[in-house]
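Asks: Quick one: the structure is below, and I'll ask about it shortly.
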Amino acid sequence: MKTLKDFVVFDRLTVHQLVVEPKRVKATYTLRMPEGAEVSTELIYSYDQVFFDKKSYKDVNLASMMAAQVAINYGLFCKEIVFDGIYEGADTRFIRTMMENTSREILTNKLLVDNPFIKEGYKEIIVEKQSKYTAAAIQFVNTGYQHMKAEVFSSVPDYGHFAILSSGGKDSLLTYGIVKELGVAHPVFVNESGRHWFTALNAYRDLKEKDPNTVKPWCNADRLFNWMLKKMPFIKENFQNMRADIYPIRLWTVAVFLFGVLPVVRKRGIGNVLIGNEYDTTDTAITQGIKHYNGLYDQSKYFDQALTRYYKEKNWEIYQYSMLRSLSELLIMKVLVKRYPELQQHQVSCHAAHEHEHRMYPCGKCEKCRRIIGMLVALEEDPKRCGYTDTQIENGLQQLAQKSVKQIGSDAAHLYHLLVEKGAIEKNNFTKKIAKAYPRIMKLRFDSERSRPEEMPLAVRDKVIALFAAYAEGIAVKENKQWIEVPALTTVSKI
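Under our numbering, the letters of the sequence shown match residues 49 to 543, in that order.
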């Protein structure tokens with residue numbers, strides 16, 4: 049039986065030797081092991097345009113925050129974490145708060161659950177409810193930029209411009225389509241060093257060709273994450289060869305990409321940062337008496353609100369939010385494929401994608417592929433548009449008739465209801481158990497916990513909701529734990 053102390057496997061993690069260049073930010077990650085040995089690797093962000101001035105206090109400050117994000121995942125595993133750079137009060141508060149939250153999330157969603165990447169000897173763990181879960185003592189130092197004088201940042205960004213954290217997924221594609229109708233889009237594709245970039249490549253190539261605001265930063269965070277895993281004695285040595293739909297340890301991931309977007313936002317004076325997240329990514333749960341965000345914090349509305357508060361503390365006056373909070377995954381797919389088919393054809397929601405004749409194609413075998421095939425068929429659309437073959441579609445539907453998809457119960461039930469009703473999958477003992485109509489899945493849903501209209505800026509709110517209402521099957525508001533349908537023409541202010 050293990051305790052949390054058994055997972056404190058590093059004496060110190062130091063993020064230091066920050067280098068700021070016009071098109072690149074680089075920092076060294078150094079681990080001091082319990083026996084005293086030190087090993088190092090680098091974290092790099094690079095751009096194809098100039099976004100930094102190494103003589104600028106505010107640029108070095110932002111670069112310091114970019115360099116820090118990966119380390120936020122390791123508060124449970126280090127005795128000490130040192131951040132060396134320019135960090136203001138808002139920065140240190142943000143890092144401390146997010147590291148503690150991430151420590152709790154990793155504990156409840158990686159260590160206290162059945163995690164296939166954890167060695168058997170570490171799977172039995174005793175943890176009592178605590179006021180603090182981060183083991184690391186956090187220090188902030190400045191050994192390289194003491195000569196720089198602090199600056200007070202003050203500017204008013206352009207709220208008609210929107211930076212979109214982009215990928216080849218349906219959420220960011222739909223967000224881009226909406227923004228093109230409402231204002232000026234700046235799609236930012238953060239190119240990971242790993243295979244995840246394959247999912248974004250089709251969409252990136254298309255937007256790069258037709259939208260001059262498209263940007264592609266490159267980041268090697270994926271290599272750094274794997275480097276850290278190799279040093280952890282409780283992670284199976286063959287973790288890179290294991291196929292699973294989860295990361296072994298990390299849960300502070302979106303912010304690593306998000307902070308790669310911020311140089312573009314700051315340089316171009318953009319007022320909105322958009323991340324495509326749906327209704328079901330804001331969730332809470334309790335594990336062994338510990339309340340947490342179900343491993344979805346960096347996709348939740350609470351993450352967006354925390355970042356918006358951080359931007360305000362920094363006097364950046366930027367808003368971060370998702371336009372899709374009131375939509376289910378199936379409704380997102382419906383709006384995308386019906387309104388923006390020219391964008392949906394570039395969707396690759398598969399982490400095992402492969403290249404063929406200069407285009408990326410989904411594997412057609414994984415759970416995500418089954419889900420995408422099922423949703424498109426349920427919507428009476430052709431999965432071949434985004435790269436699936438007839439054989440893959442047939443096999444995907446056959447597999448859906450035997451095993452479920454990774455959606456919450458009501459979403460999966462309604463998807464199966466539609467597929468069975470259309471005769472797309474057979475009605476057998478399995479599908480009869482899971483298939484059930486939940487009409488609210490195809491409605492716009494507003495409630496105080498997950499999606500409130502006022503969480504979108506007033507300048508876009510009515511337009512976005514009106515656009516969605518044209519494809520939704522009504523609008524529903526949650527009152528006293530019950531969904532109540534409201535007239536489609538109800539103004540947002542009355543919801």
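Note that CB positions come from ideal geometry on N, CA and C, so glycine has one too.
(1) Under 9 Å between the Cβ atoms of V130 and T62?
(2) Are the beta-carbon atoms of A269 and V118 separated by less than 9 Å?
(3) Taking the straight line between their C-alpha atoms, what separation do you get for K258 and R373?
(4) If F100 sits next to E69, beta carbons under 8 Å apart, how far is it from one beta carbon to the other, in whole angstroms?
(5) In whole angstroms, give me the CA-to-CA distance for S541 and V87.
(6) Distance check for K382 and L427, CA to CA, integer angstroms please.
(7) Return helix, strand or coil for P235, following the three-state DSSP convention.
(8) Touching or not, the stretch 143-161 and the stretch 205-225, by the rule of three or more beta carbon pairs under 8 Å?
(9) Leaving out five residues on either side along the sequence, give the residues of the same chain with a beta carbon under 6 Å from the beta carbon of I323.
(10) Write down the C-beta distance between I134 and V108 rounded to the nearest angstrom, noting that I regard them as a contact closer than 8 Å.
(11) Taking 9 Å as the threshold (C-beta atoms), are L467 and L448 in contact?
(12) Tell me which residue opens and which closes the beta strand (DSSP E) that G422 is part of.
(13) Along the chain, where does the beta strand (DSSP E) that runs through H406 open and close?
(14) Classify G217: buried if its beta carbon has 16 or more other beta carbons within 10 angstroms, exposed otherwise.
(15) Can you grab the Cα-Cα spacing for the pair A379 / G522, in whole Å?
(16) Cβ atoms of N121 and L298: under 9 Å apart, would you say?
(17) Under three-state DSSP, which class holds R465?
(18) Counting pairs of Cβ atoms below 8 Å between the stretch 392-410 and the stretch 240-252, do you hit three or more?
(19) Pick helix, strand or coil for A518, following the three-state DSSP scheme.
(20) What separation, rounded to the nearest whole angstrom, lies between the Cα atoms of Q440 and K484?
(21) DSSP puts W266 in a beta bridge; with which residues?
(22) To which residues of the same chain is L255 closer than 6 Å at the C-beta, ignoring the five residues directly before and after it?
(23) Could you say if the stretch 316-330 and the stretch 341-357 meet the contact criterion of at least three C-beta pairs nearer than 8 Å?
(24) Hey, would you say F55 sits closer than 9 Å to F282, going by beta carbons?
(25) In its own chain, which residues sit with a C-beta less than 7 Å from the C-beta of L230, not counting the 5 before and 5 after it?
(26) Going by DSSP, which residues form a beta bridge with E69?
(27) Buried or exposed: where does P265 fall if 16 or more other Cβ atoms within 10 Å of its Cβ makes it buried?
(28) Can you find the residues in the same chain that come closer than 6 Å, C-beta to C-beta, to Y388, ignoring five residues on each side of it along the sequence?
(29) Looking at the secondary structure, which residues open and close the beta strand (DSSP E) in which N320 lies?
(30) Using the C-alpha atoms, what's the distance from V525 back to E502?
(31) Rounded to the nearest angstrom, how far is the Cβ of F165 from that of K284, given a contact under 8 Å?
(32) Have a look at C411 and V385 and give me their C-alpha separation to the nearest angstrom.
(33) What separation, rounded to the nearest whole angstrom, lies between the Cα atoms of K102 and S220?
(34) Evaluate H404 with the Cβ neighbour count: other Cβ atoms within 10 Å of its Cβ, from every protein chain shown; 16 or more gives buried, anything less gives exposed.
(35) What residues in its chain sit with their C-beta under 6 Å from that of N325, if we drop five residues either side in the sequence?
Replies: Considering the structure as presented:
(1) Going by C-beta atoms, V130 is nearer than 9 Å to T62.
(2) For the 9 Å CB-CB criterion, A269 and V118 form a contact.
(3) Distance from the CA atom of K258 to the CA atom of R373, rounded to whole angstroms, is 28 Å.
(4) Sure, about 7 Å apart at Cβ, within 8 Å.
(5) Its pLDDT being 49, under 50, S541 is placed unreliably in this model, and the coordinates cannot settle the point.
(6) Counting only the Cα atoms, K382 lies some 7 Å from L427.
(7) The three-state secondary structure of P235, taken from DSSP, is strand.
(8) Not touching, per the Cβ criterion.
(9) Excluding sequence neighbours, I323 sits near L213 and S370.
(10) That belief holds up - the Cβ atoms of I134 and V108 are roughly 5 Å apart, short of 8 Å.
(11) Taking 9 Å as the Cβ cut-off, L448 and L467 qualify as a contacting pair.
(12) Careful: G422 lies outside any beta strand (DSSP E), inside the alpha helix (DSSP H) at E415 to A426.
(13) If you look at H406, you'll find it isn't in any beta strand (DSSP E); DSSP assigns it neither H nor E.
(14) The residue is buried, with at least 16 neighbouring Cβ atoms inside 10 Å.
(15) Reading off the sequence, residue 379 comes out as Leu, not Ala. Cα atoms of L379 and G522: separation of roughly 12 Å, rounded to the nearest angstrom.
(16) In the sequence as presented, Leu is not what sits at residue 298; that position holds Arg. Contact: yes.
(17) The question names Arg, yet the displayed sequence has His at residue 465. H465 falls in the helix class under three-state DSSP.
(18) Counting Cβ pairs under 8 Å, three or more are found: they touch.
(19) Under the three-state reduction of DSSP output, A518 falls in the coil class, being neither helix nor strand.
(20) One alpha carbon belongs to Q440, the other to K484, and they sit about 25 Å apart.
(21) S94 and N239.
(22) Shown here for L255: same chain residues with a beta carbon closer than 6 Å to its own, the five before and five after excluded, namely P235 and T262 in chain order.
(23) Counting C-beta pairs with one atom in each stretch, the stretch 316-330 and the stretch 341-357 have three or more that are closer than 8 Å, which means they touch.
(24) Taking 9 Å as the Cβ cut-off, F55 and F282 qualify as a contacting pair.
(25) Only residues of its own chain outside the window of five on either side were considered, and among them V508 and K511 have a CB closer than 7 Å to the CB of L230, listed in chain order.
(26) DSSP output for E69 lists R72 as bridge partner(s).
(27) With 16 or more Cβ atoms within 10 Å of its Cβ, P265 is classed as buried.
(28) If we look at Y388 and ignore the five residues flanking it on each side, its Cβ neighbours are G225.
(29) Segment I318 to L322, the beta strand (DSSP E) holding N320.
(30) Distance from the CA of E502 to the CA of V525, rounded to the nearest whole angstrom, comes to 14 Å.
(31) About 6 Å; that satisfies the 8 Å criterion.
(32) The alpha-carbon atoms of C411 and V385 are separated by roughly 20 Å.
(33) Computed Cα separation, rounded: 32 Å.
(34) Classification for H404: exposed.
(35) The beta carbon of N325 is closer than 6 Å to those of Q347 and S370 in its chain, skipping five residues each way along the sequence.
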